[in-house]
């Protein structure tokens, strides 16, 4: 009867520093085992990498500890022992390492980096005016205020303090936008997994109370000649005067006019075509220009025609006139709380609807979307010729009022 053989597990001799230093690269990677799953992998290029082989949830996995000699032998064994302790606690050391790495990344990620990434991701889908405003507040308020702070360190009181500073300037609309964008930026961070909570939720609860005011107020049509007289007599620049008159004669939004480039205008055809990227409703808008508007644009072209924009800003010809310029001019001539740039749209709507003009023509001139979304989707009519006649009649009626007429008839076609 043959003698019994005893089979014993192969014992791995622990590595030594001298053996590690002496290890030379070969044509293919090879391993030097240290025991309990730890080994050094020697690569053909000469690099030496610490790795741990382990099993978790029935799967064989690998965990990297860094390169030798940056990570010395004793440090590699310490990391192995820590990983094995996690395994005994039922944790996957590889997944735990990812969590720690992500947390460290979040600690280092600044608000400015996250905010600019959010802006780059979203701005292509916004109207040009929205993208411009978001960039403006980002540069002027958000980045100077908390841009250098790690996102993970920003708290709700920090954000309340930031918004309070904007409210203190009296710009409550801007403060509202900033609250909204802060909320969106942190939501973006949550979706990416770089922040754990959104400190910007419900900031509107502590917002400064809005002043009681009419939204987009406007004077009655009969008082418009007096407003225009004061505009001419006031210490207002010609560019601002012409901007206000163009708002009256076209009924576009102030932001659409301020940022308008000369390339959108065909004065020979008396037409202004605004691309969808600049429109609130995200569809192109064709604006018929009455004779009075064309006259103003021809004068304006002599002054700003060499610039890209009709109304370039004072600081840079590449940027449009400030959004406060028009309303500031109206305040200077005594119309604070009585007339805003946007209010001229409401004046036109009130008057033309009151005189029985086709509602669809008026709504298309104002570039409003239909409240009936299905109807709006299929209604692509521009009513350009009808609107051209309507807007010319509107402009003529204003001229007649300014010339002293007491009763103005705006000719209407059904």
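Numbering (the numbering used here), first residue to last: 0 to 413.
Idealized CB from N, CA, C, for every residue including glycine.
Asked	Found
For the stretch 168-187 against the stretch 303-315, are there 3 or more C-beta pairs whose distance is under 8 Å?	no
Between residue 157 and the rest of its own chain, which residues show a CB-CB distance below 7 Å, the 5 nearest in sequence each way excluded?	145
What's the gap between the Cα of residue 318 and the Cα of residue 332?	26 Å
DSSP on residue 263, reduced to helix/strand/coil?	helix
Would you mind sorting residue 386 into buried or exposed? The rule is 16 or more other CB atoms within 10 Å of its CB.	buried
How is residue 33 classed by DSSP in three states: helix, strand or coil?	strand
Tell me, please, which residues DSSP counts as bridged to residue 285.	272
Please state the DSSP three-state secondary structure of residue 89.	coil
Determine the extent of the alpha helix (DSSP H) in which residue 127 is found, giving its start and end residues.	127-136
Among the residues of its own chain, which have a CB less than 6 Å from the CB of residue 259, if the five just before and after it don't count?	309
Mark residue 73 as exposed unless 16 or more other C-beta atoms lie within 10 angstroms of its C-beta, in which case mark it buried.	exposed
Candidates 251, 190, 201: which alpha carbon is nearest residue 361's?	251
By the DSSP assignment, the beta strand (DSSP E) with residue 55 in it spans what residues?	47-55
What residue range does the beta strand (DSSP E) around residue 67 cover?	58-67
Among all the DSSP beta bridges, which residues are the ones paired with residue 486?	It is not possible to answer for residue 486, since the shown part of the chain is limited to 0 through 413.
Quick one: what does DSSP say residue 41 is sitting in, helix, strand or coil?	strand
So residue 180 and residue 133 are supposed to be a Cβ contact under 8 Å. How far apart are they, rounded?	6 Å
Using a 10 Å radius around the Cβ and a threshold of 16 neighbouring Cβ atoms, would you call residue 173 buried or exposed?	buried
Let me make sure I understand the geometry here. Which of 274, 29, 175, 337 has the alpha-carbon closest to that of residue 215?	337
Which of helix, strand or coil does DSSP assign to residue 109?	strand
DSSP beta-bridge partners for residue 319?	311
Put residue 224 into one of helix, strand or coil per three-state DSSP.	helix
Report the rounded CA-to-CA distance for residue 335 versus residue 329, giving the unit in angstroms.	7 Å
Let me confirm a value: residue 289 is counted as buried when at least 16 other C-beta atoms fall within 10 Å, else exposed. Which label applies?	buried
Using the Cα positions of residue 41 and residue 34, report the straight-line distance between them to the nearest angstrom.	16 Å
By DSSP, does residue 149 sit in helix, in strand, or in coil?	strand
Please go through the same chain and pick out, in chain order, the residues whose beta-carbon is closer than 6 Å to the beta-carbon of residue 122, but skip the five residues on each side of it.	130
Hey, how far is the Cα of residue 160 from the Cα of residue 114?	18 Å
Just the Cα atoms here: how many angstroms apart are residue 217 and residue 223?	9 Å
Helix, strand or coil: how does DSSP classify residue 342 here?	helix
Counting pairs of Cβ atoms below 8 Å between the stretch 297-305 and the stretch 280-289, do you hit three or more?	no
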